[in-house]
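S.K.: In terms of the UniProt record's numbering, the sequence shown opens at residue 1 and continues consecutively. Below you will find the structure I want to go over with you.
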Amino acid sequence: MPDPTPPRLQRVTVLGATGSIGMSTLDVLARHPDRFEAFALTAQVQVERLFELCLRFSPRFAVLVDSAAASDLRQRLKAAGSATEVLAGAGALVEVAAHPDTDAVMAAIVGAAGLAPALAAARAGKRVLLANKEALVLSGRLFMQAVAASGAQLLPIDSEHNAVFQALPQGYTRDPQRCGVRRILLTASGGPFRERSLESLANVTPDEACAHPNWVMGRKISVDSATMMNKGLEVIEAHWLFAVPPEAIEVVVHPQSVIHSMVEYADGSVLAQLGNPDMRTPIAHALAYPERIDAGVRPLDLFEIGRLNFERPDFVRFPCLALAYDALREGGAAAAVLNAANEEAVAAFLDRRVGFTRIPDIIAATLERACDLSVDCIEAILDADARAREIARSEILARQTTP
Ligand code: NAD
Ligand code: MG
């Protein structure tokens, strides 16, 4: 008997290929050349790293948003004899994300810039592996509608949401009551400043804020973890992904980052997903779903860990968490305004233009000043985002520390 034809390779587009999630994704792909191939790799400006990745993975397309960087990459790949076609500009991100020849799209661009290509993949009915939580914070309703309309398969990559996905019944219908789901317990490490007093945080440096105790991540999400805005964004993300109301989403500080989140059921059962803190686990889970494949992750050694601790979050020392719950409850454009102000404030902190504890002040002031904007289409959301950034920039100027 001849061997049955091997299944076709899954062609994966990696948006944000040069970042922390992008590189972890490529690490998993490289372990399974019999299952996956890179279809398109994208980045903002990082020519050197994308050049190396193109030689290693031979994608059909490489995209750089910056056009000068794209010309540079094109010349270098040509000289190296590579067949990869280089595209330039933000429009090319959308093009490769929705390309008829790609099967799965890893949405791992950081910030609101990732929304358009992630949404394009959702509209085109792809398997969407969503790391870019900001896309759901900005446009949760529209995004979930696009997924439902196209029949796209949405798989969460954020470790907490991937854990919840794994702890929910298979084929969860986004109807918590019908499925007996009482609460979602989102775990949080508490970040690098979990035990610090509010007063001691005024003068922390960007490097201190980015030194996360358990995870190695891009700088923006690292600062979000230090302010706990990351958990706030994740509460909003969980609301849209799983259709659970804000009051049924509880944040549990768990400093070891071993339990990645839990689902509490009506009968009192609590199901958790555990593992070493390594993003290759959720990435491999989503890439191979519903199968399980090796992710290169060290097995969990519970004897080495010894104990698991839990604490209540401190909404006074971490006001960003309260701001995010408020924005979710308010609805409309509030979450988009919160996200835009946060991106601007974090960028200003990373540039040393404002202090760490100014971040929540800038977000609160922006939310107060932003007028009620409609968010019924993507253009309106992007408009709300742009206006909120303008307000946030003026709030940053007002608080800027002189060099
Ligand atoms: P990163 O900063 O390491 O990488 C960001 C990637 O996006 C890079 O490839 C960069 O070139 C690209 N990029 C940045 N700005 C862009 C723009 N304007 N247009 C196009 N491309 C752009 O970030 P990361 O830590 O990998 O995080 C990526 C996303 O995944 C974020 O939304 C983050 O919240 C989410 N996430 C990350 C982790 C993690 O462990 N790193 C965990 C959960 C969720
Ligand atoms: Mg997370």
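Built from N, CA and C at the ideal position, the CB exists for glycine as well.
1. Given a cut-off of 7 Å, decide if Pro156 and Phe165 are closer than it, judged by their beta-carbon atoms.
2. Helix, strand or coil for Met144? Go by DSSP, reduced to three states.
3. Which value, in whole angstroms, describes the spacing of the CA atoms of Phe51 and Val45?
4. Should the stretch 246-258 be called in touch with the stretch 308-323, which here means at least 3 C-beta pairs below 8 Å?
5. Beta-carbon separation of Ser20 and Met217 under 7 Å?
6. Along the beta strand (DSSP E) that carries Pro156, what are the first and last residues, could you check?
7. What do you get for Gly151, buried or exposed, if any count of 16 or more other CB atoms within 10 angstroms of its CB means buried?
8. Relative to the alpha-carbon of Cys371, which residue among Cys377, Ala348, Glu330 and Val346 has its alpha-carbon at the smallest distance?
9. Starting from the C-beta of Leu328, find all residues in its chain whose C-beta is less than 7 Å away, skip the five residues before and the five after it, and write them out in chain order.
10. Can you check DSSP and say which residues form a bridge with Val14?
11. Going by Cα to Cα distance, which pick from Glu343, Val128, Leu136 and Cys54 is closest to Gln10?
12. Any residue with its Cβ nearer than 6 Å to a heavy atom of ligand 4 should be included. What is that list in chain order?
13. Pull up the CB-CB distance for Val181 and Leu168, whole angstroms please, since I reckon it's below 8 Å.
14. Could you tell me if Ile305 is buried or exposed, where buried requires 16 or more neighbouring beta carbons within 10 angstroms of its beta carbon?
15. Name the DSSP bridge partner or partners of Thr187?
16. Quick check: Ala226 and Pro192, are their CB atoms within less than 7 Å of each other?
17. Under a three-way DSSP split, which group does Val228 fall into?
18. Compare the Cα-Cα distances from Ser67 to each of Ala88, Ala40 and Ser24 and report the closest residue.
M.R.: Taking the definition as stated:
1. Closer than 7 Å, so yes.
2. Note: Met144 maps to helix in three-state DSSP.
3. Spanning the two alpha carbons is a distance of roughly 11 Å.
4. With a cut-off of 8 Å on Cβ pairs, the stretch 246-258 is in contact with the stretch 308-323, counting three or more such pairs.
5. Yes.
6. Run containing Pro156: Gln153 to Pro156, per the beta strand (DSSP E) assignment.
7. Exposed, by the Cβ-count rule.
8. Proximity to Cys371 across Cys377, Ala348, Glu330 and Val346 peaks at Glu330, based on C-alpha coordinates.
9. Short of 7 Å from the beta carbon of Leu328, and not among the five residues preceding or following it, lie these beta carbons of its own chain, in chain order: Val235, Ile236, His239, Pro246 and Ala335.
10. According to DSSP, which records beta bridges pairwise, Val14 is partnered with Leu41 and Met106.
11. Minimum Cα distance to Gln10 is reached at Val128.
12. With respect to small molecules bound, the structure shown includes ligand 1 and ligand 2 and not ligand 4.
13. The Cβ separation is near 7 Å, so the contact holds.
14. It counts as exposed.
15. Thr187 is bridged to Val252.
16. For Ala226 and Pro192, yes; Cβs fall inside 7 Å.
17. According to the sequence provided, residue 228 is Met. The question's Val does not apply to it. Three-state result, Met228: coil.
18. That would be Ala88, whose Cα lies nearest to the Cα of Ser67.
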